[in-house]
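Numbering (the numbering used here), first residue to last: 98 to 356.
Glycine included, C-beta positions come from ideal geometry on N, C-alpha and C.
Some notes on the structure that comes next.
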């Protein structure tokens with residue numbers, strides 16, 4: 098697997114009045130292959146914009162995003178995005194199996210290999226027995242599991258996840274967080290994950306980049322998350338790390354209010 102590198106990435110958007118909104122400033126980040134990196138920061142700090150640059154949906158105004166030495170200039174099957182909105186993420190006329198198979202089918206993967214992939218990942222997310230169900234028959238958590246299986250069936254190098262569990266109820270969210278950490282461990286995929294939930298970030302991540310408040314945001318600090326397993330908010334080291342990161346976020350929020 099290749100390493101994702103962001104070198105001097107900045108992003109500006111034009112305003113209707115002719116001015117410029119500076120969203121990101123000089124982002125430098127190396128995402129190691131097989132690791133779970135999370136971007137955490139206040140709302141409006143440019144997390145989703147940065148993910149869109151890595152996905153190839155947006156071009157940086159300055160700087161470059163690379164996979165090893167290859168510059169990222171457009172979307173590609175080596176990077177798959179999982180979004181927050183589970184209600185519109187699946188094709189309503191396709192069942193669970195067909196939704197999961199869609200990506201490999203469109204990229205010309207032979208039928209036997211497609212079936213093998215779909216079977217493998219539906220089992221991994223616990224939906225092998227629900228393969229014939231349609232989206233209207235699924236709960237929000239089940240729909241998100243289908244999204245994860247569909248993304249993995251594409252066999253991307255990097256999973257890009259934009260607050261995928263934010264729209265779910267608290268119990269389902271915590272359950273899926275635990276499940277997804279095991280899925281990541283089993284697949285060893287490289288993950289770039291966005292959240293504004295500190296607990297979620299600490300439960301899932303190997304590395305955590307705390308972003309400054311926007312506009313013109315950068316990476317305030319990068320943490321290596323090496324906590325006692327199984328991870329729990331009740332563990333002492335977890336609580337200490339939570340307090341440290343919460344203080345950083347609060348500092349950024351207060352700084353923005355003072356502007």
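Practice task
Could you tell me if residue 314 is buried or exposed, where buried requires 16 or more neighbouring beta carbons within 10 angstroms of its beta carbon?
Solution key: For the purposes of this step, residue 314 is taken as residue 217 along the chain shown, with counting starting at 1. Buried, because 16 or more other Cβ atoms sit within 10 Å of the Cβ of residue 314.
Handout entry: Continuous beta strand (DSSP E) stretch holding residue 128: start and end
Key = Translated into positions along the chain shown, residue 128 becomes position 31. Per DSSP, the continuous beta strand (DSSP E) segment holding residue 128 begins and ends at 117-128.
Exercise for the section: Specify whether the region 300-313 and the region 132-140 touch according to this definition: at least 3 beta carbon pairs, one from each stretch, less than 8 Å apart. Expected result: The region 300-313, when compared against the region 132-140, does touch it at the 8 Å Cβ threshold.
Problem - Three or more C-beta pairs below 8 Å linking the region 171-187 and the region 327-339 - result: In short, these stretches do not touch, since the Cβ pair count stays below three.
Exercise for the section: List the residues that DSSP assigns as beta-bridge partners of residue 308. Expected result: Indexing the chain shown from 1 puts residue 308 at position 211. For residue 308, the beta-bridge partners assigned by DSSP are 316.
Practice task
Round the Cβ separation of residue 101 and residue 164 to the nearest angstrom and send it over; I've been treating them as touching at under 8 Å.
Solution key: To locate residue 101, count along the chain shown from 1; it is residue 4. To locate residue 164, count along the chain shown from 1; it is residue 67. The pair is a contact, with the Cβ atoms about 6 Å apart (cut-off 8 Å).
Problem - Helix, strand or coil at residue 259 according to DSSP, with G and I counted as helix - result: Your numbering for residue 259 matches position 162 in the chain shown. It is a strand residue.
Problem - Sheet register partners of residue 321 (DSSP bridge) - result: Here residue 321 refers to the residue found at position 224 of the chain shown. Beta-bridge pairing links residue 321 to 304.
Exercise for the section: Could you tell me which uninterrupted beta strand (DSSP E) segments, each at least 3 residues in length, are contained entirely in the region 146-210, listed from first to last along the chain? Expected result: Listed in chain order, they are 159-164, 176-179.
Exercise for the section: Tell me, please, whether the region 247-266 touches the region 281-298 by the rule of three or more beta-carbon pairs shorter than 8 Å. Expected result: Here the region 247-266 lies against the region 281-298, with 3 or more beta-carbon pairs under 8 Å apart.
Handout entry: Contact check, residue 299 vs residue 324, beta carbons under 8 Å
Key = Position 202 of the chain shown holds residue 299. Position 227 of the chain shown holds residue 324. Yes, these two residues count as a Cβ contact at 8 Å.
Practice task
Count the other C-beta atoms from every protein chain shown that fall within 10 angstroms of the C-beta of residue 105, then say buried if there are 16 or more, exposed otherwise.
Solution key: The residue labelled residue 105 in the question sits at position 8 within the chain shown. Under a 10 Å Cβ-count criterion, residue 105 is classified as exposed, with fewer than 16 other Cβ atoms of the shown protein chains found around its own Cβ.
Practice task
Please confirm whether residue 231 and residue 172 have their CB atoms less than 8 Å apart.
Solution key: Stepping through the chain shown from its first residue, residue 231 is reached at position 134. Stepping through the chain shown from its first residue, residue 172 is reached at position 75. No.
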